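These notes are about the structure you will find just below.
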Amino acid sequence: MPATKFTCPGGNDIPIFQCLNSCPNSQRCMFLPTLRAVAESLDRKIAEPTVTELLAGTRETYLKKTSDYAVDPVQQLYAIHGSAVHTIHEDKTDGNMLSEERLSDEVTSGKFDLYGQIIDLSDKTLGDYKVTSSYKLMRALGYYKVDVPTGEVYKTGLRKGQPKTKKEWRTDGVRHLLDWAIQLNYYRILLEERGFKVDRMEIQAMCRDYSLRIAAERNITKPVYIIHINKISDHWVKCYMAAKAKKLKEALANGYMPPICRTKERWHNRKCSDYCAVVDNCPYGRMVKQSAKKVA
Ligand code: SF4
Ligand code: SF4
-5 MPATKFTCPG GNDIPIFQCL NSCPNSQRCM FLPTLRAVAE SLDRKIAEPT VTELLAGTRE
55 TYLKKTSDYA VDPVQQLYAI HGSAVHTIHE DKTDGNMLSE ERLSDEVTSG KFDLYGQIID
115 LSDKTLGDYK VTSSYKLMRA LGYYKVDVPT GEVYKTGLRK GQPKTKKEWR TDGVRHLLDW
175 AIQLNYYRIL LEERGFKVDR MEIQAMCRDY SLRIAAERNI TKPVYIIHIN KISDHWVKCY
235 MAAKAKKLKE ALANGYMPPI CRTKERWHNR KCSDYCAVVD NCPYGRMVKQ SAKKVA
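Okay, structure coming up:
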């Protein structure tokens, strides 16, 4: 079941078709074509769970498929940024590339962005566009800060005699990009099962808040990064996705709500309190949201 309502800036919900017909407020919160684009992006035409749906928390995907929910159209703008990036690349491929093909197997389906000669002379590269935040990029690139001695010591105060330090960036940390890696590896498997060998997997990640100071504070100094994705064993990827698909299928068939999303899937509760579209239909999410409100 796709989202059926928009949440207006004042907090009230309105059926999407009513909003598109006529806004009851003194002025629309966005231009009508933008609202139409947001509505279109929510109108999913694929019934079976896709690779990206399976990568999300099972409870979140279950609720999105079974319940009526409202989305804030302003928050959905990020999703249409991603679609816009695909649109500007349309018709820019050539005979050495394939693009935007949906492939499926008995578990799920996924649409890869690009395959072929897209970054060097190898015609076997799988590529994916992402539009993301500087925070996600910093973590995906494995950037972290360490304290480095300056050679000086504190001369007064509680820390007198102790060495002074300054923060320095390091770029060899753990790369937090497992979801991206599983997604691309699944596309790789789907392609290879059809005889298209994949030699490399790369993500072109565009930073949507690159011009803000917060991006520089996270060591994000370029608007776009190419991020290499390592191969994960076919067996592991297939087992992981099959297990998630099974859990979702069982919950849908029996009509029971799956356990709460895993800690990583719910971004340590940050998603529940601020970003999950189905939070109002999830008892755990409602509890997290209420406690966050009390603290604020
Ligand atoms: S245009 Fe914005 S404010 Fe008006 S009904 Fe739609 S969502 Fe609400
Ligand atoms: S509110 Fe949190 S736990 Fe509930 S579906 Fe959303 S992400 Fe999952």
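First residue of the sequence shown: -5, per the working numbering; consecutive thereafter. Glycine included, each C-beta is placed from N, C-alpha and C at the ideal position. Keep in mind it's a predicted model, so treat the numbers as computed, not measured.
Any non-hydrogen atom of ligand 2 within 7 angstroms of residue i CB
i	result
C233	no
Y137	no
Contact under 8 angstroms by Cβ, residue i with residue j
i	j	result
L49	Q156	no
T159	P143	yes
A237	W174	no
E54	V272	yes
W163	K139	yes
P67	M132	no
T(-2)	D62	yes
K123	F190	One point to set straight first is that residue 123 is Tyr, not Lys, in the sequence displayed. For Y123 and F190, no; Cβs fall outside 8 angstroms.
D86	R96	Checking the sequence, you will find Lys at residue 86 rather than Asp. It is not a contact, given that the beta carbons lie outside the stated cut-off.
N179	I112	no
L242	T52	yes
K154	D141	no
E196	I223	yes
K283	C266	yes
D107	S93	yes
Residue i burial status per 10 Å Cβ neighbour count (16 or more: buried)
i	result
G5	exposed
F11	exposed
A64	buried
E47	buried
V147	exposed
A78	exposed
Y181	buried
H116	According to the sequence as given, residue 116 is Ser; it is not His. Burial call: exposed.
T126	buried
C276	buried
C233	exposed
L29	buried
S298	For the chain, the structure presents residues -5 to 290; residue 298 sits outside this window and is missing.
D1	The residue asked about is misnamed: residue 1 is Thr in this sequence, not Asp. T1 comes out buried.
I208	exposed
Integer-rounded CB distance, given that residue j should sit under 8 angstroms from residue i
i	j	result
Y204	I214	6 angstroms
L14	A33	6 angstroms
G121	Q70	Their Cβ separation, rounded to whole angstroms, is 25 angstroms, which puts G121 and Q70 out of contact at 8 angstroms.
K118	D193	4 angstroms
S103	I40	7 angstroms
S16	I74	Contact doesn't hold; Cβ gap of about 22 angstroms is too wide.
Residue i: CB within 7 angstroms of a non-hydrogen atom of ligand 1
i	result
L29	yes
**Prompt:** Of all residues in the structure, which have a C-beta closer than 6 angstroms to any heavy atom of ligand 2, taken in chain order?
**Reply:** G51, R53, E54, L57, I254, C255, R260, K265, C266, C270, V272, V273, C276, Y278, G279
**Prompt:** Listed by chain order, which residues have C-beta atoms less than 5 angstroms from any heavy atom of ligand 1?
**Reply:** F0, C2, I8, C13, C17, N19, R22, C23
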